[in-house]
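Structure first, commentary second.
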Ligand code: SF4
Ligand code: SF4
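Residue numbers (this note's numbering): 43 to 343.
Listed below in structure tokens is the structure:
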């Protein structure tokens, strides 16, 4: 029984991760490396440190507690060596200027569901529930399965937001999933490899398999300027939707640049450098065409 796993956030009162008011559990770890990643803190399964250099007052408290010698003070200058950090979080507790923040912690399923259950009255009023997101929930498949089983024992509505990139059997999970929020990023395989680092073959195989067993699916399509805002991309979404039996909605997720500063604080680079928010109005004409050609609910997020 895998009842422990790594998560990096529990967000209550979300209204954009499935129907109604929901609590979203963000799981650590992702096998993809999307050029525009909105949550770069999710990529590694291990705990990581955010370091905001502009808040550091070079007090040296962190270097006094770090057994791994991750922090050093030289000439009143603080240097952080990320390679040495093992993510224990001790330095965060003594950094009173909030220059350090730990991202990622191990929790068990009971602890998580206890938090999720706090908002049960809101789920009941709004038709909401629990959403597992990330990162990629399928990378911690056994923990995800345990969490979903426990959620269903408590009568919660469950949704899983996924890239679909997994060799594990999603039909087993589907017994405990009321709704899949299934990402579709780019269609040509070579483009998918270019922008995410992996082939989309297994992603489509899993999507078709879920559709065959009658799973309820919303397509979630990140829309990224200069990558996939093209008529061909929306035609491909239309064709995909119309070849499947169980797509009930299409969500177009507008690009935002918030991942850039987070990547910087994590000492990571982002391939896609664009600091402009995509205006939702840009997508209205595409959304209208999708509605007309698929007869599905289309939402711009
Ligand atoms: S404890 Fe915080 S403020 Fe002090 S040197 Fe370390 S990172 Fe900077
Ligand atoms: S999290 Fe732990 S290992 Fe990493 S820098 Fe802080 S004290 Fe050192």
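Built from N, CA and C at the ideal position, the CB exists for glycine as well.
Predicted model, so just to flag it, every value in this text is computed and none were measured.
query	result
For residue 242, name the three-state secondary structure that DSSP assigns.	coil
By alpha-carbon positions, which one of 231, 154 and 242 ends up nearest to residue 209?	242
In the DSSP assignment, the alpha helix (DSSP H) including residue 208 goes from what residue to what residue?	Counting along the chain, residue 208 falls outside any alpha helix (DSSP H), and DSSP gives it neither H nor E.
Just list the residues that DSSP pairs residue 64 with in beta bridges.	56 and 171
Which value, in whole angstroms, describes the spacing of the CA atoms of residue 144 and residue 134?	7 Å
Under 8 Å between the Cβ atoms of residue 167 and residue 47?	no
Indicate, with yes or no, if ligand 2 has a heavy atom lying under 7 Å from the CB of residue 146.	no
On the DSSP bridge list, what partners appear for residue 264?	295
Excluding the five sequence neighbours on either side, which residues of its own chain have a C-beta within less than 7 Å of the C-beta of residue 57, listed in chain order?	63
Determine the DSSP secondary structure at residue 335, reduced to helix, strand or coil.	helix
Once the 5 residues before and after residue 54 are set aside, which same chain residues still bring their CB inside 7 Å of it?	65 and 161
Quick check on the DSSP output: the alpha helix (DSSP H) that includes residue 284 runs from which residue to which?	273-285
List the residues that DSSP assigns as beta-bridge partners of residue 184.	Residue 184 pairs with nothing; no bridge assigned.
Run through the DSSP bridge pairs and tell me what residue 120 is partnered with.	115
Any heavy atom of ligand 2 closer than 7 Å to the beta-carbon of residue 110?	yes
From residue 296 to residue 274, what does the alpha carbon distance come to, in whole angstroms?	18 Å
Please work out which residues of its chain come closer than 6 Å, Cβ to Cβ, to residue 340, disregarding the five sequence neighbours upstream and downstream, and give them in chain order.	292, 329, 332 and 333
Report whether the distance from the Cβ of residue 136 to the nearest heavy atom of ligand 3 is below 7 Å.	Only ligand 1 and ligand 2 can be found as ligands here, which leaves ligand 3 out of the picture.
Any chance the CB of residue 99 is under 7 Å from a heavy atom of ligand 1?	yes
Alpha carbon to alpha carbon, what distance is there between residue 256 and residue 213?	10 Å
Does the Cβ of residue 128 lie closer than 7 Å to at least one heavy atom of ligand 2?	yes
What do you reckon, are the CB atoms on residue 74 and residue 240 nearer than 8 Å?	yes
Is the separation between the beta-carbon of residue 197 and that of residue 225 shorter than 8 Å?	no
Looking at the structure shown, is residue 93 part of a helix, part of a strand, or coil, going by DSSP?	strand
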